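Counting along the sequence shown from 1, when you hit position 42 you're at 58 in this note's numbering, and nothing is skipped either side. No residue lacks a Cβ here, since even glycine has one placed at the ideal position from N, Cα and C. No experiment lies behind these values; they were computed from the predicted model shown.
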Amino acid sequence: MGAGLAERWGPTRWISRLGKMGVTGYSADLAPRLEHYWGIRHVVVHAAGIATADFVKRHPDVVVAAGDRVRVTHHDLKKFFDAVQEFMEPIEKFFLARYPAMVAATSAQTKQVNG
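This is how it looks when you write it as structure tokens:
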């Protein structure tokens, strides 16, 4: 990830842009938490869990040096999933309120599946 890319495309930007659309309900600390977890996810997916210099610069509390392995426990994974859920719930609430037909379609699909 190049310098500045996280600022242009990361969770802080997502929350800001969603707020401009009218999505509300995010806690003040959600964007930094998501940035932290998203950074870890990025290095795990794109660098096989080996810290890059950019990762160390952005997340000095995770590892000491580039080349160190980023360790992720099940507790870390749960925190990541909880943060993603906290991010998604206001979006779903906003769009379902704005487009009620989505609720009806979802209900009909559930009835079809459950018979």
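1. Inspect the CB distances between the stretch 101 to 120 and the stretch 25 to 41 and report whether three or more fall short of 8 Å.
2. Note the first and the last residue of the continuous alpha helix (DSSP H) segment covering Pro106.
3. Are there 16 or more other CB atoms within 10 angstroms of the CB of Gly83, so buried, or fewer, so exposed?
4. Should the stretch 48 to 63 be regarded as contacting the stretch 88 to 97, the criterion being three or more beta carbon pairs within less than 8 Å?
5. Out of Ala81, Glu102, Ile66, which one is the CA nearest neighbour of Val1?
6. Under a Cβ-count criterion, where at least 16 other Cβ atoms within 10 Å of its own Cβ denotes burial, should Gly52 be classed as buried or exposed?
7. Pick out whichever of Pro106, His91, Ala63 has its Cα sitting closest to the Cα of Leu34.
8. Give me the residue from Asp70, Val86, Val119 with the minimum Cα distance to Val60.
9. Which word fits Pro27, buried or exposed, when buried means at least 16 other C-beta atoms lie within 10 angstroms of its C-beta?
10. Might you give, ordered along the chain, the residues of its own chain that have their beta carbon closer than 7 Å to the beta carbon of Ala69, omitting 5 neighbours on each side?
11. What's the gap between the Cα of Glu102 and the Cα of Leu50?
12. Excluding the 5 residues preceding and the 5 following Met17 in the sequence, name in chain order all residues of the same chain whose CB lies nearer than 7 Å to its CB.
On the basis of the data shown:
1. yes
2. 90 to 114
3. exposed
4. yes
5. The chain is shown from 17 up to 131; residue 1 falls before or after that span and cannot be answered.
6. For clarity, residue 52 is His in the given sequence; the question names Gly instead. Counting Cβ neighbours within 10 Å, His52 comes out buried, since at least 16 surround it.
7. The residue among Pro106, His91, Ala63 with its C-alpha nearest the C-alpha of Leu34 is Pro106.
8. Nearest of Asp70, Val86, Val119 to Val60, Cα basis: Val86.
9. By the neighbour-count rule (16 or more Cβ atoms within 10 Å), Pro27 is buried.
10. For Ala69, the CB contacts under 7 Å within the same chain, skipping 5 residues up- and downstream, are Ala82 in chain order.
11. 10 Å
12. Reliability of the predicted coordinates at Met17 is poor, the pLDDT of 41 falling under 50, and no value is obtained from them.
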